[in-house]
Structures are given as C-alpha cells and as structure tokens.
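Here is the structure we will look at, set down as structure tokens.
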Amino acid sequence: MATPAPITDVSIGGDGIRLGQFLKFAGLLDSGGDVKEAIIDGFVTVNGEVDRRRGRQLQLGDVIGFEGRRVRVCA
Numbered sequence: 001m002a003t004p005a006p007i008t009d010v011s012i013g014g015d016g017i018r019l020g021q022f023l024k025f026a027g028l029l030d031s032g033g034d035v036k037e038a039i040i041d042g043f044v045t046v047n048g049e050v051d052r053r054r055g056r057q058l059q060l061g062d063v064i065g066f067e068g069r070r071v072r073v074c075a
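Number 75 marks the last residue of the sequence shown (UniProt numbering); no jumps.
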C-alpha cells in the first residue's frame, strides 16, 4: 500500500473559501476551466471523499486532495 502524500498547509487568511477558489489559490490547478473539469470528473477529494461541488464551502482544517497532492486549509 502506498504511503499517503504529506499534507501541505495553505493559509487562506480568513475563515472560509470555496473549493474551486481554493484549488487555484493553493496552486493545484491554474484555471477555472481546469478546476471545473477536475471537480466534475471526480478527481478532487475533500477529507478523503470525492466532492463534485465546486462551490462547496471549505472549513479550516479540511484536507483537499488532487493528483497525489494533499493540502490543508489553514487560517
């Protein structure tokens, strides 16, 4: 079994952010179109579960996964 990727903390400077915005902000994806496709196609996880809602409101501590990378939402 593969070892999970280390988690990188990404500070959003506030209380919450939407999933689509966070993927771009954290540098996991470059454009809104890429974000939309990745989410719709089920390539993005939130806390280990696939989430297809681009507008999902993330909370501090949520861990987002994409293409083997994991990032945690921090204040």
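Backbone N, C-alpha and C fix where the C-beta goes; we use that ideal spot for every residue, glycine too.
query, result
"Which listed residue (C74, A75, R69 and V73) has its alpha carbon closest to that of T3", "R69"
"Host beta strand (DSSP E) of G20 (start-end)", "Unbroken run through G20 is the alpha helix (DSSP H), L19 to F25; no beta strand (DSSP E)."
"Sequence-distant residues of its chain with Cβ nearer than 6 Å to C74 (five each side left out)", "D9 and S11"
"Bridge-paired residues (DSSP) for I64", "V46 and V71"
"Contact set for E67: own chain, Cβ-Cβ below 6 Å, skip 5 residues either direction", "none"
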